[in-house]
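What follows is a short report on a single structure.
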Amino acid sequence: KSGDVKNPKATKISVTEAIQTEEDPRYAECMGILHNEIYTHYIACQEEDKISLHRVQWGKK
6 KSGDVKNPKA TKISVTEAIQ TEEDPRYAEC MGILHNEIYT HYIACQEEDK ISLHRVQWGK
66 K
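Sequential numbering from 6 applies to the sequence shown in my numbering.
The structure is reproduced here in structure tokens:
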């Protein structure tokens, strides 16, 4: 948990950590999509503050 939801860099780190520890790859992918499509829509942030979902190894734990 970043503690500061208005800090896109800290939030990206927190969501990325949550994605990496999530056992269900479907849920992990949903977290990334929500971050990229919803969170970044309401917070002023750069493209670099989005999570690169194509780099995530889904289901490869």
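Yeah, the Cβ is synthetic: ideal placement off N, Cα and C, and Gly gets one too.
- Residue environment: K11 is assigned as exposed (fewer than 16 neighbouring CB atoms within 10 Å of its CB, all protein chains considered).
- When the beta-carbon positions are compared, A33 and I24 come within less than 8 Å of each other.
- For the pair K14 and P30, the Cα-to-Cα distance works out to about 23 Å.
- When DSSP states are grouped into helix, strand and coil, V20 belongs to the helix group.
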